[in-house]
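Numbering (my numbering), first residue to last: 158 to 677.
Dropping the structure here:
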């Protein structure tokens, strides 16, 4: 009889307990987390070791934004039950939300160590590595999660984004295509491929993917904006630059009003062209005699770009001058790029002939190569050029001869901040002409070391740019340059005003420019 009575009392107690929990669940179902937390705290005063009540309290506190209190509730659960999976997972997520990354990582790793197939742990660790910008580690964890849930679309989209962040655009495209192989109704995947192809300078192909995305989601503003952006690139591009420049060397000073203009059009993803014009109205004063020469000079050219095959381009440029009745430029450039792990190599090899100083009718042949290596926030640029100035006056106009020359430049810059984009850099330049000439600048065995810092700050639709450069050469002669620009950029139109000032013991110049561009 006594045993029956105890069982009866226990059953009544359990019935009351479940009744209270059910009441709390009804309150939670109404999203009244504050009332639920009050009821749970009251219950825990009599049942402090009830894990289920603490779990509900932690959840309520999290939903109210009381992250510290929620963490305390879940930690209490682990004191009562150290291997509780839900508490570990909740703590890992809460610590991540609270920006306590090391503690978040600790709990995700505890889950993963206990079960190497746990997808939630891998996804959490991937988010941590993404936040740290350790993109290769993030990719590893996303792939680990997808090994067990290959069609988990949120993880596939996140993986594609990390590939984009780490500039692995081909891998991002492959990931979006994998999503479409599982389900081809994902408009975001079609649009994602379209955006990347646009970045890769393949607007015609990009437009096809964007159009498929728009069929699936016709009211998506981001997709509509992407299509307009690509279509804008396929229109005629008109640009113009009006500028005043003053240049001064030891033997002369030139003041000129200049106008550049260009019309460009994409024919396909592999072919585009531009027609370029330049007109100068100049006044040259010879220092020794004070003689003033006025001249109008023009140069007009056709530039054609072919994409030969993947990551390889050929640029051809042909131009002439009506005012001087001569060919002003003939050159060709082969550009190629190679991606290896986190390194991007870009090379540009060129040969040509140019009418580079029209005041004295001076022409030169040249061969040049520029190599750029990008790694994370660093960019290393190397430039080398050699050639001959065609036969003309040397040695103070006492004899005519060809003038061989060589120049190279090494520049290393580092991006300090992404926004505003602040860069610092160091530079070394070497210039050497075999003979001295009064017709054009002919330094001999000149080594120049320089330091540069620049700032680019966009606040759409406007932007500001500034750069300061200082240098000193092997003769301890110093120089400096200041560049300032402010502009307005919209989808079809851009306008900018720029100022530049440069000075060293051999040459000085300053200019003021108005720059316009638009697609029509």
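Each residue gets a CB set at the ideal place from its N, CA and C atoms; glycine is no exception.
Which term fits residue i, buried or exposed, when burial requires 16 or more other beta carbons within 10 angstroms of its beta carbon?
i: residue 520; result: buried
i: residue 555; result: exposed
i: residue 583; result: exposed
i: residue 371; result: buried
i: residue 330; result: buried
i: residue 671; result: exposed
i: residue 280; result: buried
i: residue 576; result: exposed
i: residue 468; result: exposed
i: residue 450; result: exposed
i: residue 179; result: exposed
i: residue 230; result: buried
i: residue 355; result: buried
i: residue 560; result: buried
i: residue 581; result: exposed
i: residue 482; result: exposed
i: residue 161; result: With a pLDDT of 45 at residue 161, under the threshold of 50, the predicted position of this residue should be treated as unreliable, and no value is reported.
i: residue 546; result: buried
i: residue 630; result: buried
Taking only the alpha-carbon atoms, compute the straight-line gap between residue i and residue j and give it to the nearest angstrom.
i: residue 195; j: residue 620; result: 52 Å
i: residue 614; j: residue 342; result: 38 Å
i: residue 518; j: residue 408; result: 16 Å
i: residue 169; j: residue 238; result: Per-residue confidence for residue 169 stands at a pLDDT of 43, beneath the threshold of 50, marking its modelled position as unreliable; the derived number appears in the next sentence. Distance between the alpha carbons of residue 169 and residue 238 is about 26 Å.
i: residue 302; j: residue 345; result: 21 Å
i: residue 429; j: residue 593; result: 41 Å
i: residue 235; j: residue 337; result: 42 Å
i: residue 357; j: residue 675; result: 21 Å
i: residue 366; j: residue 350; result: 7 Å
i: residue 307; j: residue 492; result: 39 Å
i: residue 183; j: residue 212; result: 16 Å
i: residue 187; j: residue 289; result: 38 Å
i: residue 442; j: residue 401; result: 16 Å
i: residue 227; j: residue 249; result: 12 Å
i: residue 635; j: residue 392; result: 46 Å
i: residue 293; j: residue 327; result: 15 Å
i: residue 440; j: residue 623; result: 29 Å
i: residue 305; j: residue 390; result: 42 Å
i: residue 645; j: residue 388; result: 20 Å
i: residue 470; j: residue 253; result: 45 Å
i: residue 256; j: residue 269; result: 20 Å
i: residue 240; j: residue 272; result: 12 Å
i: residue 201; j: residue 262; result: 30 Å
i: residue 175; j: residue 224; result: Because the pLDDT of residue 175 is 48, which lies under 50, any placement of that residue in the model is unreliable, and the number read from its coordinates should be weighed accordingly. Computed Cα separation, rounded: 27 Å.
i: residue 352; j: residue 535; result: 25 Å
Can you round the beta-carbon distance between residue i and residue j to whole angstroms, since I take them to be within the 8 Å contact cut?
i: residue 544; j: residue 523; result: 3 Å
i: residue 404; j: residue 666; result: 5 Å
i: residue 571; j: residue 406; result: Not quite, the Cβ-Cβ distance comes to about 34 Å (not below 8 Å), so this is no contact.
i: residue 512; j: residue 485; result: 4 Å
i: residue 361; j: residue 425; result: 6 Å
i: residue 332; j: residue 322; result: About 13 Å separates the two Cβ atoms, so there is no contact after all.
i: residue 245; j: residue 216; result: With a Cβ gap of about 15 Å, residue 245 and residue 216 do not count as contacting.
i: residue 562; j: residue 598; result: In fact, because the Cβ distance is near 10 Å, the residues do not count as touching under 8 Å.
i: residue 464; j: residue 412; result: Between residue 412 and residue 464 the Cβ distance is about 42 Å, and since that is not below 8 Å, they are no contact.
i: residue 282; j: residue 296; result: No, residue 282 and residue 296 are not in contact; Cβ-Cβ is about 12 Å, not under 8 Å.
i: residue 528; j: residue 579; result: Wrong, their Cβ atoms sit about 25 Å apart, outside the cutoff.
i: residue 533; j: residue 501; result: Residue 533 to residue 501, Cβ: 10 Å. No contact.
i: residue 421; j: residue 380; result: That pair is no contact at about 26 Å.
i: residue 190; j: residue 220; result: 5 Å
i: residue 673; j: residue 652; result: 6 Å
i: residue 659; j: residue 669; result: With 8 Å as the limit, residue 659 and residue 669 do not qualify as a contact, their Cβ atoms being about 13 Å apart.
i: residue 596; j: residue 514; result: 7 Å
Given 6 Å as the limit, tell me if residue i has its C-beta closer than that to any heavy atom belonging to the ligand PLP.
i: residue 601; result: For the structure depicted, the ligand PLP is absent and the ligand set is empty, with no information on it obtainable.
Using a Cβ-Cβ cut-off of 7 Å, state whether residue i counts as contacting chain C.
i: residue 532; result: Although the question refers to chain C, the structure presented lacks it and comprises just one protein chain.
Inset, instruction - Decide if the segment 407-419 is in contact with the segment 430-438; the criterion is three or more beta carbon pairs, one per stretch, under 8 Å apart. - result: yes
Inset, instruction - Specify whether the segment 448-459 and the segment 471-490 touch according to this definition: at least 3 beta carbon pairs, one from each stretch, less than 8 Å apart. - result: yes
Inset, instruction - Jot down the residue ranges of each uninterrupted beta strand (DSSP E) in the segment 425-453, minimum 3 residues, whole runs only, in chain order. - result: 428-443
Legend entry - Inter-stretch contact at 8 Å, needing at least 3 Cβ pairs: the segment 602-610 / the segment 563-582: yes
Legend entry - Inside the segment 447-508 only - beta strand (DSSP E) runs reaching at least 3 residues: 449-466, 469-478 and 483-497
Inset, instruction - Would you mind listing the alpha helix (DSSP H) stretches within the segment 270-296 that are 4+ residues and don't spill past its ends, in chain order? - result: Segments of the alpha helix (DSSP H) lying fully in the segment 270-296: 276-288.
Legend entry - Inter-stretch contact (C-beta, 8 Å, three-pair minimum) for the segment 273-281 and the segment 290-302: yes
Legend entry - Inter-stretch contact (C-beta, 8 Å, three-pair minimum) for the segment 381-391 and the segment 631-643: no
Legend entry - Completely contained alpha helix (DSSP H) runs for the segment 300-370, where each covers 4 or more residues: 310-322, 326-339 and 344-356
Legend entry - Ordered list of beta strand (DSSP E) runs contained in the segment 498-578, each at least 3 residues: For the beta strand (DSSP E) assignment, the uninterrupted runs of no fewer than 3 residues enclosed by the segment 498-578 are, from N- to C-terminal side, 500-514, 519-532, 535-551 and 556-575.
Inset, instruction - Would you mind listing the alpha helix (DSSP H) stretches within the segment 185-265 that are 4+ residues and don't spill past its ends, in chain order? - result: 190-203, 208-220, 224-237 and 242-254
Legend entry - Every unbroken beta strand (DSSP E) inside the segment 579-636 [3 residues or more]: 603-616 and 619-630
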